[in-house]
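Novice: One structure, pasted below without further comment.
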Amino acid sequence: MPTLDEAATIERLIDRIGEALAPTTGAPPFELIVVDDDSPDETWRIAQARADRDARIRVIRRVGPRGLSSAVLAGMAMARGDVLVVIDADLQHDERCIPALVAAIDAGADVALGSREAEGGGYGPFARWRLGASRLGAELARRAVGVEVGDPMSGFFAVSRDRYQELSGQLNPRGFKILLEFLARGPEPDVAEIGYVFGRRAGGTTKFNGGVVAAFVVSVIELTVARRLGRRRRA
Ligand SMILES: Nc1nc2c(ncn2[C@@H]2O[C@H](COP(=O)(O)OP(=O)(O)OP(=O)(O)O)[C@@H](O)[C@H]2O)c(=O)[nH]1
Ligand SMILES: [Mg+2]
């Protein structure tokens, strides 16, 4: 779970994940790794207080490197499980879908997406301009990754340990859309999509800005070139 100034929501999300993955539900055992970039609102301190009481939780407070995608990769590098799940901390992602994401990986998928475009999914109260921009971005992303996926812009997804290990030397931690890296690099992945309804940000403020869009455009170009070259080399 990457966090930057999410003090308003992090505890609620930790509670909800604990409920969604309680042993009584039959969900697999889990660890929760919070990767915080030295949030001025001290999200890391709140998370650490929970970790002190709960051995399943670990907190990384990074003081040098920054960025959502690099935080995700830092968490993955520490993770011990067979399935690696990424979820935002602002309650926009539905943690009740985590067991379905894990089950999809267990059933053989390389990547499983929480998808706003799959059955049962939706954009909820997403602002109209963001919905338009997101759909346009999704179309560009689909072309870049060359994989038929409904919601390549998702920040809520699971990756198998095998896929992670196969790609770990090639992943570029640029910007917000690390999922694209898992879709575009290496051999074409087997992808599952689990519908969920994108929620309203439940507190705190957005980190989405012009820099995020610029990084996305660079990623799309770079992944398109890398994939075409890779395919030619493999052919
Ligand atoms: N560690 C870390 N986490 C980040 C960084 N930027 C964003 N995040 C986290 O990544 C997640 C996604 O960021 P958001 O601001 O919610 O982005 P978004 O969902 O596209 O935008 P909204 O719909 O406005 O919430 C949240 O949990 C953020 O706290 C960063 O630089 N470092
Ligand atoms: Mg958000």
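When we follow our numbering, the leftmost residue of the sequence shown carries the number 255, and every step to the right adds one.
Glycine included, each C-beta is placed from N, C-alpha and C at the ideal position.
Being a predicted model, the structure only gives us computed values, none of them experimental.
Measure the Cβ-Cβ separation of Y418 and H347 and say whether it is below 9 angstroms.
Specialist: no
Novice: Scan the segment 319–376 and note each continuous beta strand (DSSP E) run of 3 residues or more that stays entirely inside, going in chain order.
Specialist: As far as the segment 319–376 is concerned, its whole beta strand (DSSP E) runs of at least 3 residues are 337–340 and 365–369.
Novice: Report the start-end ranges of each beta strand (DSSP E) in the segment 390–473 that is 3 residues or longer and not cut off at the edges.
Specialist: 411–414 and 445–449
Novice: Report yes or no: do three or more beta-carbon pairs, one from the segment 442–458 and one from the segment 347–366, lie closer than 8 angstroms?
Specialist: yes
Novice: Give every residue of the same chain whose Cβ lies closer than 7 angstroms to the Cβ of D295, excluding the five residues on either side of it in the sequence, and list them in chain order.
Specialist: D259 and A261
Novice: To the nearest angstrom, how far is it from the Cα of L270 to the Cα of R389?
Specialist: First, the amino acid is wrong: residue 270 is Arg here, not Leu. Roughly 29 angstroms separates the two Cα atoms.
Novice: Is D344 near ligand 2 - that is, is its Cβ less than 8 angstroms away from at least one heavy atom of it?
Specialist: yes
Novice: Answer yes or no: do V313 and V337 have a C-beta to C-beta separation smaller than 9 angstroms?
Specialist: Not in contact: V313 and V337 (Cβ atoms no closer than 9 angstroms).
Novice: Of the choices G329, P282, R455 and Q302, whose alpha-carbon is the least far from that of P379?
Specialist: Closest option to P379, judged by alpha-carbon separation, among G329, P282, R455 and Q302: R455.
Novice: Mind the definition here: the segment 284–301 touches the segment 397–404 only if three or more C-beta pairs lie below 8 angstroms; say whether that holds.
Specialist: no
Novice: In chain order, what residues of the same chain have a beta carbon less than 6 angstroms from the beta carbon of D364, not counting five sequence neighbours either side?
Specialist: S414, R417, P443 and D444
Novice: Any chance the CB of G458 is under 8 angstroms from a heavy atom of ligand 1?
Specialist: yes
Novice: Mind checking whether L425 and F436 have CB atoms under 9 angstroms apart?
Specialist: yes
Novice: Provide the residue span of the alpha helix (DSSP H) that contains L267, from first to last.
Specialist: L267 -> alpha helix (DSSP H) spans I264 to A274.
Novice: Short of 8 angstroms in beta carbon distance, which residues of its chain neighbour T362, apart from the five on each side in sequence? Order them along the chain.
Specialist: Thr is not the amino acid found at residue 362; the sequence shown has Gly there. Closer than 8 angstroms at the Cβ level, and outside the excluded window around G362, lie D444.
Novice: How many angstroms separate the CA atom of A343 from the CA atom of G484?
Specialist: 35 angstroms
Novice: Look at the Cβ atom of M332, then the Cβ atom of I287, and state whether they are nearer than 9 angstroms.
Specialist: yes
Novice: The beta strand (DSSP E) spanning D290 covers which residue range?
Specialist: L286 to D290
Novice: Check whether the Cβ of E435 sits closer than 8 angstroms to any heavy atom of ligand 1, and report yes or no.
Specialist: For ligand 1, not one heavy atom lies less than 8 angstroms from the Cβ of E435.
Novice: Measure from the C-beta of V326 to each C-beta in chain D and report whether the shortest distance is under 9 angstroms.
Specialist: The structure shown contains no chain D; it is built from a single protein chain.
Novice: Can you round the beta-carbon distance between P427 and G321 to whole angstroms, since I take them to be within the 8 angstroms contact cut?
Specialist: 6 angstroms
Novice: Tell me, to the nearest whole angstrom, how far the beta carbon of R370 is from that of F452; I am working on the premise that it is less than 8 angstroms.
Specialist: 5 angstroms
Novice: Rounded to whole angstroms, how far is the Cβ of V466 from the Cβ of G429, which I believe are closer than 8 angstroms?
Specialist: 6 angstroms
Novice: To the nearest angstrom, report how far apart I408 and R307 are at their CA atoms.
Specialist: The sequence given here has Ser at residue 408, not Ile. Distance between the alpha carbons of S408 and R307: 31 angstroms.
Novice: Should P256 be listed as close to ligand 1, given that the test is whether its C-beta is under 8 angstroms from any heavy atom?
Specialist: yes
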